[in-house]
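Chains as they are written, first to last, in my numbering: chain D, 3 to 495; chain B, 3 to 495.
No residue lacks a Cβ here, since even glycine has one placed at the ideal position from N, Cα and C.
There are 2 protein chains.
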Amino acid sequence: MKSYLKLKELFKQLSQLHYTQRIMQWDEAVMMPEGAAETRAQAMATLSGLTQKMLVNKKNQTLIAAAKQEQGLSAWDSANLAWMEHKYTVAACIPVKLTEKLTTASMNCEQAWRKMRAQNNWKQFLPHFNKVFKLVKETTKRRADVLQLSPYDALLDQYAPGFNQKKIDAIFADLKQTMPALVQQAKNKQSKEQVALPAGPFAMELQKELGLTVMHALQFDFNQGRLDVSHHPFCSGGPTDVRMTTRYQKDDFHSALLGICHETGHALYEQGLPREWIDQPVGVVDSMAMHESQSLLIEMQLCRSPEFYHYLLPEVKNKFGEQEAFTADNLYQLAIRVKPNLIRVEADEVTYPLHIILRYELEKALFNDEITLKDLPTRWDELMRSYLGLSTKGNDKDGVMQDVHWPSGAFGYFPAYTLGRLMAAQFFATFLRQNPQFFAEAAKGNFSGLVNWLHKNIHSQASVLPTEDLLKKVTGESLNSKYFLDHIKQRYL
Amino acid sequence: MKSYLKLKELFKQLSQLHYTQRIMQWDEAVMMPEGAAETRAQAMATLSGLTQKMLVNKKNQTLIAAAKQEQGLSAWDSANLAWMEHKYTVAACIPVKLTEKLTTASMNCEQAWRKMRAQNNWKQFLPHFNKVFKLVKETTKRRADVLQLSPYDALLDQYAPGFNQKKIDAIFADLKQTMPALVQQAKNKQSKEQVALPAGPFAMELQKELGLTVMHALQFDFNQGRLDVSHHPFCSGGPTDVRMTTRYQKDDFHSALLGICHETGHALYEQGLPREWIDQPVGVVDSMAMHESQSLLIEMQLCRSPEFYHYLLPEVKNKFGEQEAFTADNLYQLAIRVKPNLIRVEADEVTYPLHIILRYELEKALFNDEITLKDLPTRWDELMRSYLGLSTKGNDKDGVMQDVHWPSGAFGYFPAYTLGRLMAAQFFATFLRQNPQFFAEAAKGNFSGLVNWLHKNIHSQASVLPTEDLLKKVTGESLNSKYFLDHIKQRYL
């Protein structure tokens with residue numbers, strides 16, 4: 003196993019550099035003073051160039067070929083070696099200079115986005131965006147060639163390995179057809195119900211305390227992680243150093259709280275990865291779809307349930323006192339309010355898939371050369387009107403400019419949310435079948451049954467199996483939209 | 003200039019990696035959850051190994067030799083090239099294995115020190131200390147050989163380039179002779195004066211606001227820097243991303259405030275370095291003596307002056323209300339209290355140089371083989387009695403074991419504090435001669451005259467000149483103790 007062990011040593015170093023990059027990214031979003039942006043962009047480009055260089059060293063190709071002939075590799079070792087080869091292949095096809103260019107352009111574009119979005123200034127943002135998009139297309143073409151995939155499939159493979167346009171078209175077809183009507187039905191039903199809005203302001207410090215209480219209840223390990231504030235919530239760092247963020251709104255404690263629930267789902271996944279493999283490719287979960295399945299399972303299936311609000315109510319009163327709106331049922335009703343909204347991250351779980359499908363349609367059109375970037379505002383508005391009956395005309399900050407993902411060069415990423423959402427429903431249905439008493443425990447604030455089940459069946463498995471194999475092993479079925487649609491109908495109709 | 007430009011590119015990358023390391027170190031002290039310590043230590047070791055490898059590449063030696071023959075280099079370029087060569091030389095002379103051994107021994111010795119210091123157990127600490135000392139001697143010998151210096155001069159060169167034992171002996175002679183008597187005179191004078199202690203607690207948030215107010219007044223650029231909390235105050239990051247820290251004590255706002263003044267001196271230096279050179283060796287200030295000259299100038303010469311407290315008083319009252327102790331004169335008197343103390347980091351500016359000279363004498367004796375480690379407790383006690391009239395007999399935890407520096411392998415470091423202090427006095431005397439109206443302005447909170455002068459004469463010059471040349475250019479004299487002694491006499495007698 004000499005060659006394989008040499009590769010393990012290399013990938014351990016790469017993992018340490020990757021951890022460094024993620025802490026630096028966290029720092030940029032949470033801590034860094036604005037005036038350091040340029041220095042930081044350059045340092046990140048250099049770091050990224052160095053890791054790329056270490057990975058694509060020709061010697062590694064030889065080592066991989068030799069390792070594939072070696073005896074005595076366990077199933078985990080073999081999966082690890084396969085990931086090493088995949089990583090080498092997709093990295094080796096991109097010249098270092100191109101990666102450096104893309105990193106710099108993305109970071110500058112992200113900074114421009116922060117500024118221009120606040121000013122609703124699509125026109126001034128477009129040149130920055132164009133630079134990134136051109137470079138993404140260039141790298142994508144190279145990936146597509148070496149993986150023998152279409153460009154858009156090569157992008158999808160980055161975030162949802164094992165999925166492609168054909169599979170996703172099939173899985174999404176049902177949703178695209180069913181969801182607009184479901185949205186209407188849910189809206190109609192809810193229009194007859196009264197909900198009371200909590201009256202703010204809610205002090206940030208108390209909102210944070212409430213969030214920390216929930217994180218504790220969900221078994222987040224604070225000895226190896228922390229919660230901070232950033233413009234866009236995320237979960238970064240590494241398994242022993244999880245950096246979760248959220249953003250607080252003065253008049254709405256609910257939004258930050260559910261954001262925290264979502265990110266805690268990611269965090270539990272990271273903290274539950276097998277410790278003996280965390281510095282190897284097989285011990286990491288690069289699949290965003292899988293990662294979202296865990297964050298959405300916690301947020302949507304658990305934390306938007308009536309039982310969760312039964313547990314939460316005394317904690318809410320403890321922080322914010324008594325209010326008419328503070329009943330378990332009213333808070334639950336608020337958490338499942340269906341309201342077509344321009345902003346994806348504020349969307350409810352019924353309209354959310356339509357936000358994703360909108361982006362999926364636009365990405366397909368962009369990468370299949372049916373439209374260009376400058377068509378986006380118009381096309382966005384058209385789809386938004388058709389799916390959700392809303393317009394973004396003249397309001398690009400809440401349309402095409404609302405997310406950081408495209409400005410930072412992440413295309414092919416959004417579908418992973420909905421793939422993850424469908425998996426979350428499918429995993430959770432299996433869990434509930436095996437643990438029918440769970441919600442009675444959850445109402446008392448005991449979530450350990452779920453967290454332990456996720457740890458045993460999913461988190462501890464890291465990337466040893468392809469997503470669909472793991473899904474099949476745990477749930478007995480391939481990915482489908484049945485469990486999600488059942489869930490929606492049960493909760494909303 | 004082809005070779006020189008190649009070197010510039012390499013050192014630019016090294017500078018970016020160095021910036022990354024400094025942000026990661028800041029994160030470790032300020033943000034990192036405890037449970038990430040091991041992952042972080044490994045990542046930092048990998049990062050440090052990579053940069054070392056990039057620097058000592060044999061190709062660089064060839065490039066340096068070629069660059070030295072190239073035409074058209076400006077004065078800054080030539081100084082830059084000299085620094086490159088110096089950095090290469092001192093890095094290349096130490097085998098990786100030896101560095102690793104020293105790192106391990108230092109870490110073990112530091113751990114032993116933490117434990118044995120608490121137990122006042124010099125005897126059990128000694129074998130660990132011996133191991134580190136032997137390895138330091140070994141690395142020092144290599145540095146000394148390649149730099150053609152004596153071993154102790156090679157150590158001094160790390161922290162105060164340009165200074166050596168002969169020069170320092172001459173500069174310190176005066177202090178050694180004069181200071182013990184000055185300490186007594188200052189003590190006697192102060193023993194007749196009454197000072198009122200401020201009564202806490204002082205809310206951390208208000209202490210921080212006061213610190214930020216002072217930083218603003220001192221023209222700290224918050225667009226390229228920030229202030230946080232750590233166990234030991236420091237200033238890290240980089241010129242466009244300065245990370246200052248302090249620690250707050252509930253019952254003593256004065257201590258954190260003066261700590262902030264000190265670190266702001268470092269920060270202004272960093273923020274004032276010439277932007278076109280910040281990613282090159284000539285644009286950085288590695289000389290700890292020079293860096294301390296700037297922090298001590300701000301802290302000791304400006305912020306412990308009566309005029310500063312005249313400015314500060316309304317700010318203090320604004321934050322903490324009225325108190326008997328809150329008069330400008332009383333706060334000033336508190337800031338200049340003289341009290342011989344066993345602990346260096348708690349010493350005032352009058353006794354501080356004697357703490358340094360004590361260590362300097364012992365380091366010289368050690369590296370000139372006049373004493374061995376086991377003589378240290380006795381020798382420490384003798385010098386402490388002679389300089390400050392205090393004994394450490396049987397109290398090694400507050401004697402030879404008080405600082406982490408020696409256990410962690412840092413010898414030759416302490417003299418830089420006092421060299422910096424003397425420079426601070428010498429620079430400031432020149433400034434005052436040229437700007438006799440300054441203190442009248444300072445009393446109104448206008449420090450721009452000083453900050454601009456430091457920027458023009460010192461900060462913007464980075465490392466283009468040897469320390470003593472810069473000192474001579476600015477003050478017209480070589481380093482001497484006259485201005486410091488004048489200052490002490492004027493303030494304390």
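Asked, Found
"Does the stretch 481 to 495 of chain B come close enough to the stretch 185 to 201 of chain B to have 3 or more Cβ pairs within less than 8 Å?", "yes"
"Here's a check: name, in chain order, each residue in its chain whose Cβ is nearer than 6 Å to the Cβ of residue 367/D, leaving out the five neighbours to either side.", "373"
"Does the beta-carbon of residue 253/D have 16 or more other beta-carbons within 10 angstroms, so that it is buried, or is it exposed?", "exposed"
"What does the alpha-carbon distance come out to for the pair residue 178/B and residue 356/B?", "7 Å"
"Name the chain D residues that come within less than 9 Å of residue 102/B, Cβ to Cβ?", "The premise fails here: residue 102/B is roughly 15 Å from chain D at the closest Cβ pair, so nothing lies under 9 Å."
"From this set, 197/D, 450/D, 259/D and 142/D, which residue's C-alpha is nearest residue 157/D's C-alpha?", "142/D"
"Can you name the residues that DSSP bridges to residue 248/D?", "231/D"
"In this structure, how does DSSP classify residue 263/D when only helix, strand and coil are distinguished?", "helix"
"Label residue 339/B either buried or exposed according to how many other C-beta atoms from any shown protein chain fall within 10 Å of its C-beta, with 16 as the threshold for buried.", "exposed"
"Going along chain B in order, which residues have a C-beta closer than 8 Å to the C-beta of residue 34/D?", "243"
"Within the present structure, is the beta-carbon of residue 229/B separated from the nearest heavy atom of the ligand GDP by less than 7 Å?", "Inclusion of the ligand GDP in the displayed structure is not the case, the ligand content being empty and no account of it being possible."
"Name the residues in the stretch 34 to 51 of chain B whose C-beta lies less than 8 Å from a C-beta of chain D; which are they?", "34, 35, 36, 37, 38, 40, 41, 42, 44, 45, 48 and 49"
"Using C-beta distances below 6 Å, list every residue in its chain close to residue 343/B, excluding the 5 sequence neighbours before and after it, in chain order.", "349"
"Which residues does DSSP pair with residue 239/B in a beta bridge?", "244/B"
"Is there a C-beta anywhere in chain B that falls below 8 Å from the one on residue 19/D?", "yes"
"Roughly how many whole angstroms lie between the Cα atoms of residue 486/B and residue 286/B?", "26 Å"
"Measuring only between beta-carbons, confirm whether residue 240/D sits less than 8 Å from chain B.", "yes"
"Residues of the stretch 219 to 231 of chain B with a CB closer than 9 Å to any CB of chain D: list them in chain order, please.", "223, 224, 225, 226, 227, 228 and 230"
"Would residue 91/B pass as a contact of residue 148/B if the rule is Cβ separation under 8 Å?", "yes"
"From which residue to which residue does the alpha helix (DSSP H) around residue 122/D run?", "That residue, residue 122/D, is in no alpha helix (DSSP H); it is neither H nor E in DSSP."
"Using a beta-carbon distance cut-off of less than 9 Å, what residues from the stretch 279 to 295 of chain B approach chain D?", "280 and 281"
"Under 7 Å between beta-carbons, which chain B residues line up against residue 358/D? List them in chain order, please.", "Per Cβ cutoff of 7 Å: no residues; residue 358/D is ~33 Å from chain B at best."
"Less than 7 Å between C-beta atoms, sequence neighbours within five positions excluded: which residues of the same chain meet that for residue 295/B?", "422, 425, 426 and 429"
"Measuring straight from C-alpha to C-alpha, what distance separates residue 412/B and residue 228/D?", "33 Å"
"Report the residues of the stretch 21 to 32 of chain D with a CB closer than 8 Å to any CB of chain B, ordered along the chain.", "21, 22, 25, 26 and 29"
"Taking Cβ positions only, does residue 209/D come closer than 8 Å to chain B?", "no"
"Give the interface partners of residue 54/B over in chain D, defined as CB-CB distance under 9 Å, in chain order.", "Residues of chain D passing the Cβ test: none, with the nearest at roughly 14 Å."
"Take every Cβ of the stretch 380 to 397 of chain D, pair it with every Cβ of the stretch 262 to 273 of chain D, and state whether three or more of those distances are shorter than 8 Å.", "no"
"Under 8 Å Cβ-Cβ, which residues of chain B neighbour residue 463/D?", "Under the 8 Å cutoff, chain B gives no residues; its nearest Cβ is about 21 Å from residue 463/D."
"Looking at chain B, which residues of the stretch 64 to 96 of chain D have a Cβ within less than 7 Å of any of its Cβ atoms?", "none"
"Just to confirm my understanding: we take residue 72/B, look at its own chain, exclude 5 residues before and 5 after, and list those with CB closer than 8 Å. What are they?", "3, 4, 5 and 6"
"Specify, as a first and last residue, the run of the alpha helix (DSSP H) that residue 25/B falls within.", "4 to 32"
"Is the distance from the Cβ of residue 103/B to the Cβ of residue 65/B below 8 Å?", "no"
"Buried or exposed: where does residue 98/B fall if 16 or more other Cβ atoms within 10 Å of its Cβ makes it buried?", "exposed"
"Pick from 468/D, 484/D, 80/D and 447/D: whose alpha carbon is nearest that of residue 221/D?", "447/D"
"Check whether the Cβ atoms of residue 455/D and residue 441/D lie closer than 8 Å to each other.", "no"
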